[in-house]
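full-length UniProt numbering applies: residue 1 is where the sequence shown begins, and numbers increase by one.
We treat Cβ as the ideally placed atom computed from N, Cα and C, and that holds for glycine.
Everything numeric in this text was worked out from a predicted model, so none of it was measured.
Since the structure comes first, as structure tokens, the remarks are kept for the end.
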Amino acid sequence: MALRTLSLFPDISNSLFSDRFNRIDRLFSQLTGDIPLESAPSYDIRRLGDNRFAITLSVPGWKEDELEINAAGGQLSVSGKREEERAAQDEGWLHRGISRTDFSVSYALPQHVKVQGAALENGLLTITLLQDIPESEKPQKIAIENRKTIEHQA
């Protein structure tokens, strides 16, 4: 399972470290048999408003009943599990380059972010998120009082 931290603030990534991470991930995946991160669906994160966001995963060829979305304990998990295809369906293929492997990815949701809904359209699974910060935890501007001192006259 691929675990990713969802940040609502843009990251600056260093391609040198990113490439090294991908190589290490592939090596460990070969040793453990886990799916490397790169075979998990690619995704985008968009800001839709002041407190609304969307994660869009690329899941071409997946059907709604093959995808599962769960949100619990500050984690958003998306998984895809295909029913076994019959050998008859494999006949006639000359090349199958579209990934058909099961996947599972998780995102750590920031505090006060809740899943609002999900939609699957044209091979893109879009999950809408809402950041709902209670009034008691929002930053408050504190006014500074101007106290004048009165001098005592003798």
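Inter-residue spacing [alpha-carbon to alpha-carbon] between residue i and residue j
i	j	result
I45	I55	5 Å
A87	S104	Note that A87 scores 48 on pLDDT, short of 50, meaning its location in the model is unreliable; the coordinates nonetheless yield the value given after this. C-alpha separation (whole angstroms): 25 Å.
L130	G61	28 Å
P134	Q111	11 Å
N146	K114	42 Å
residue 158	K141	Here the chain covers residues 1 to 154 and nothing more, so residue 158 does not appear.
A118	I98	23 Å
P139	K148	28 Å
D102	E91	21 Å
residue 212	E64	This structure cannot settle anything about residue 212, because the visible part of the chain is limited to 1 through 154.
A40	R82	14 Å
N-terminal and C-terminal residue of the beta strand (DSSP E) that residue i is part of
i	result
T56	R52 to S58
S42	Per DSSP, S42 belongs to no beta strand (DSSP E) and is neither H nor E.
I69	L67 to A72
A108	F103 to A108
Cβ of residue i within 9 Å of any chain C Cβ
i	result
E66	The displayed structure is made up of one protein chain only, and chain C is not part of it.
Anticipated Cβ contact below 8 Å, residue i with residue j, distance rounded
i	j	result
S136	S106	Rounded, the Cβ-Cβ distance is 29 Å, inconsistent with contact.
T120	L67	As written in the sequence, residue 120 is Leu, which differs from the Thr given in the question. With 8 Å as the limit, L120 and L67 qualify as a contact, their Cβ atoms being about 7 Å apart.
N51	D132	7 Å
G74	L109	5 Å
Helix, strand or coil at residue i [DSSP, three-state]
i	result
A88	Because A88 sits at a pLDDT of 46, beneath the cut-off of 50, its placement in the model cannot be relied upon, and the following sentence gives the value as read from the coordinates. It is helical.
S79	strand
L125	strand
L31	helix
Contact set for residue i: own chain, Cβ-Cβ below 8 Å, skip 5 residues either direction
i	result
S42	L57 and S58
I144	none
Spatial neighbours of residue i in its chain, beta-carbon cut-off 6 Å, leaving aside the 5 residues before and after
i	result
L16	No answer about L16 holds up, because its pLDDT of 41 lies below 50 and its placement is not dependable.
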